[in-house]
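Residue numbers (my numbering): 17 to 263. We put the beta carbon where it would ideally sit given N, CA and C, even for glycine. Since the model is a prediction, treat every value here as computed from it, not as a measurement. Notes follow the structure.
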């Protein structure tokens, strides 16, 4: 969906090498889930099982590649990913090269070999390509990046964008970051692209909604696991503390 759509598309972020964990996340009701090869504890051997788990649970399966590994984007599409996300795009030239690896001739130079993707029904939507803008270089070239033929969307890396702008990630909700976010959203709107981002908190998700970002990854699996475990342990300790127990 484009950035001026009134609807929302809410996703999960998968960093753990667990098919069961992926199914638990997706069956909560998420529309899509990102399999993170850049920062997640996931190897390429686990991609196909995770794709099967996510798609089998009724959600779109996205794959974020390792930085500027365009051949890996080609491979993820061959394995049947609905969307590939290529991070750390800092120029229009990089954008064109990344997208070209994901499109067959005459639109690009993706190598023929769909393998698992050949199982996709003829009625399935075209596999999509998102690029990440996440530093001042990408911000400066956001208009040209968004004009890349064959591109479907931009995923804004708000943490790295904040780091690039301010030298720290402590103020990701700050004015400088969201001034930059609005610049990117406006470029996406002009070029008919979807714009996505990572939420991770109610505050960030609200900020995304207020700034025209309708495709948002709500939470990561490791965060849900950690926060759920913390809450359960705190509740149990509270129950025993009420009885005078010590820890």
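If I follow the unbroken beta strand (DSSP E) through residue i, where does it start and stop?
i	result
residue 243	Run containing residue 243: none in the beta strand (DSSP E); it sits in the alpha helix (DSSP H), 237-257.
residue 172	169-172
residue 34	Taken as a continuous stretch (DSSP letters only), residue 34 belongs to no beta strand (DSSP E), as it is neither H nor E.
residue 80	76-80
residue 145	144-149
Since residue i is in the alpha helix (DSSP H), which residue starts that stretch and which ends it?
i	result
residue 198	191-206
residue 48	Counting along the chain, residue 48 falls outside any alpha helix (DSSP H), though it belongs to the beta strand (DSSP E) covering 48-52.
residue 94	86-94
In whole angstroms, give me the CA-to-CA distance for residue i and residue j.
i	j	result
residue 133	residue 95	5 Å
residue 180	residue 149	11 Å
residue 7	residue 237	No statement about residue 7 is possible, as the shown extent of the chain runs from 17 to 263 and does not include it.
residue 146	residue 80	9 Å
residue 51	residue 235	13 Å
residue 229	residue 256	44 Å
residue 120	residue 26	29 Å
residue 38	residue 69	7 Å
residue 32	residue 232	19 Å
residue 245	residue 261	20 Å
If distances are taken between C-alpha atoms only, which option among the options comes closest to residue i?
i	options	result
residue 163	105, 203, 72, 211	203
residue 35	49, 223, 213	49
residue 75	142, 28, 86	28
residue 194	24, 206, 174	174
residue 214	170, 61, 243	170
residue 141	172, 99, 182	99
residue 46	56, 30, 252, 222	30
residue 124	143, 84, 24, 165	165
With residue i and residue j assumed to form a contact (beta carbons below 8 Å), what rounded beta-carbon distance in angstroms separates them?
i	j	result
residue 151	residue 106	6 Å
Indicate whether the contact test is met: 3 or more Cβ pairs, each with one atom in the segment 125-136 and one in the segment 86-99, closer than 8 Å.
-> A contact is defined here as three or more CB-CB pairs under 8 Å, and the segment 125-136 meets this definition with respect to the segment 86-99.
Three or more beta-carbon pairs under 8 Å between the segment 153-172 and the segment 196-215, yes or no?
-> yes
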